[in-house]
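Report on one structure; see the data block that follows.
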Amino acid sequence: MADQQAPPAGPDLSQGVMPSEFSGDMLVGHVGDEDVLLVRSGSEIFAIDAHCSHYHGPLAEGLVDGESVRCPWHHACFDLRTGEATRAPALSAIAVWKVEREGERIFVRQKREQPKPGIKGAVDAPARIVIVGGGAAGFAAAEMLRRQDYRGSIVMLSHEAAAPVDRPNLSKDYLAGSAPEDWLPLRPEGFYADAGIDLRLGTEVASIDARARDVVLAGGETVPYDRLLLATGAEPVRLPISGVDQPHVHVLRSLADCRAIIASANGARRAIVIGASFIGLEAAASLRARDIEVHVVGLEQRPLERVLGPEMGDFVRALHEEHGVIFHLGDTVTSIDGKRATLKSGGVLDADVVVIGVGVRPRLALAEKAGLAIDRGVTVDAYLETSIPGIYAAGDIARWPDPHSGETIRVEHWVVAERQGQTAARNMLGQREAFEAVPFFWSQHYDVPINYVGHAEKWDEIAVDGDIAAKDCLLRYKSGGRVLAVASIYRDVASLEAEIRMERAAR
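Per the working numbering, residue 3 is the first one in the sequence shown, and the count goes up by one each step.
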């Protein structure tokens, strides 16, 4: 039997509703077959599309903050007046609807013409901007430049073979086989030409001549710039063991990597994942979804303990074991001979496919060669500008002064990279906007999402609210009584509230 479309939610807003029908700040209704969200902010009522433009998250289950609403799933944020996606990971605006009052009743009948996004304008618009990198930060910067009505030249140099894709999906639904490939591009093929973005794929940058303000390509061509954004990202750590160059042994970073894993997984009976990292465990879950026996080999005694603590580490291990994953912890692979992997403990595992997920390292060679200040990453100020004026850095390579932890930090989170790209874009236009976003990431393990807000490299207390085993919990990572980070499972509003508290505390 064919799937039937779900009926529209809530009351028919074209017939009007009373203010008393609001149970809180939001009310989901519909106009025709489209779900519409009414939002009360102070004395005003707004009407917007009911779903996030990122992964279709239900905005009614999120949080209203002034004249914006935040998505419960991945913390995207939308302007209630314009529908603009003001915070990644959402990049596309949502529709806004016209709200009318007749007596005491509130009516919504038609969409408004899409308002223009909030454009601060260029204070010091350069003629030429070059972006090195085709990942989250680089794409978000290019897209934001055009959204800010920047009319100058944008050249985007990417060593990738494919246009920018939704990288988190590569270890999640796409690898699991539950998402088609056409979900992956961040924008359709024609976007770059239409937006006047000169995207050059498969392009290697050899050096940066900061004095001449030129980017030098591997073939010798020079690309001049007035402002430059380095968003070179990170590359997977490759184990220094024999056998890693075989065709069934993979790392997972790019679309090409993911396609290769899927090709190896077709017809495979057993897989080895080396590394109990977030990427490794998400890959393990995705391979289990393909009904492949999965063995995870990791040096740690508990998966994810360094980031989430012992109780969450035990929970994650138990969750994967419930789904059939077999762990070999406190161990590592010393060689791969054909389809046979030898463990340091002396054991041997046979596998048709091997995925190495032991972390990544920032791609710093260009920055180092250009003479930029380096400290376990590219050192940037609050505006994401490097030690050389006119050169900015964002994403996995950037080490910035985090106002929430009071430390200079570098993180490898997709959402952080996108938000830094957006901030860098505005700053390259002279807007002088400090990067103050609270770090955020999410990880998916089967049907269990884990959201993490903040940044805690160490802590002296983990306060647990709820029941981890019941998949209903919020954990606060504290140092000296101060909350540095919060992890949660199915506590979406509490996670958003924690994010807002951290933002306000930093201000």
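For glycine and all other residues, C-beta sits at the position ideal for the given N, C-alpha and C. Since this is a predicted model, take the numbers as computed values, not measurements.
The region 414-427 makes no contact with the region 262-278, as fewer than three CB pairs between them are under 8 Å. A straight line joining the alpha-carbon of residue 361 with that of residue 370 spans about 21 Å.
Exposure of residue 180 is indicated by the presence of fewer than 16 other C-beta atoms within 10 angstroms of its C-beta.
Burial check for residue 322: the Cβ neighbour count within 10 Å reaches 16 or more, so the residue is buried.
Residue 310 places its beta carbon 8 Å or farther from that of residue 254. Per the DSSP secondary-structure output, residue 447 pairs in a beta bridge with 450. DSSP, read as helix, strand or coil, puts residue 36 in strand. The DSSP-derived three-state label of residue 391 is coil. Closest in alpha carbon position to residue 416, among 455, 393, 403 and 388, is 455. Pairing residue 233 with residue 165 gives a Cβ-Cβ distance that is not under 8 Å. Residue 280 and residue 302 have their C-alpha atoms roughly 13 Å apart. Remark: three or more beta-carbon pairs, one from each stretch, lie closer than 8 Å, so the region 112-119 and the region 80-88 are flagged as touching.
Around the Cβ of residue 110, a 10 Å sphere holds 16 or more other Cβ atoms; the residue is buried.
Under the three-state reduction of DSSP, residue 425 is assigned to helix. Exclusion of the five residues before and after residue 211 leaves 218 as the residues of its chain whose Cβ lies within less than 7 Å of its Cβ.
Counting only residues of its own chain and dropping the five nearest sequence neighbours on each side, residue 79 has a CB closer than 6 Å to the CB of 70, 72, 88 and 89. Within the same chain, and ignoring the five residues on either side of residue 245 in sequence, the residues whose Cβ sits closer than 7 Å to its Cβ are 251, 337, 338 and 339. At a Cβ-Cβ threshold of 8 Å, residue 267 and residue 243 do not count as neighbours.
Between the C-alpha atoms of residue 507 and residue 63 there is a straight-line separation of about 24 Å. Between residue 284 and residue 155, the CB-CB gap reaches or exceeds 8 Å.
The Cβ atoms of residue 228 and residue 131 lie closer than 8 Å to each other.
As summarised for the region 77-158, the continuous beta strand (DSSP E) elements at least 3 residues long and confined to that stretch are 79-81, 87-89, 98-104, 107-113 and 130-134, given in chain order.
Inclusion of residue 147 and residue 168 in the CB contact set at 8 Å is not warranted, their separation being larger than that value. The residue among 290, 344 and 401 with its C-alpha nearest the C-alpha of residue 364 is 401. A distance below 6 Å between beta-carbons, with the five flanking residues on each side excluded, links residue 159 to the following residues of its chain, in chain order: 134, 202, 205 and 207. Residue 23 carries a helical assignment under DSSP once its states are collapsed to helix, strand and coil. Non-local beta-carbon contacts of residue 495 in its own chain, meaning distances under 8 Å to residues more than five positions away in sequence, involve 63, 64, 65 and 74 in chain order.
The alpha helix (DSSP H) runs lying completely inside the region 247-328 and spanning 4 residues or more are 257-267, 280-291, 307-310 and 312-324, given in chain order. Between residue 437 and residue 384, the C-beta gap is smaller than 8 Å, which places the two residues in contact. Sequence-distant partners of residue 33 (beyond 5 residues in either direction) whose C-beta falls short of 8 Å from its own C-beta, in its chain, are 14, 15, 16, 99, 110, 111 and 112. Straight through space, the alpha carbons of residue 220 and residue 161 are spaced by roughly 11 Å. Residue environment analysis places residue 320 among the exposed positions, since fewer than 16 neighbouring C-beta atoms fall within 10 angstroms of its C-beta.
Judged by beta-carbon spacing, residue 490 lies beyond the 8 Å limit of residue 481, meaning their Cβ atoms are not closer than that value.
The beta carbon of residue 312 lies closer than 8 Å to those of 304 in the same chain, with the five residues before and after it left out. The three-state secondary structure of residue 397, taken from DSSP, is helix. The three-state reading of DSSP puts residue 495 in helix, counting H, G and I together.
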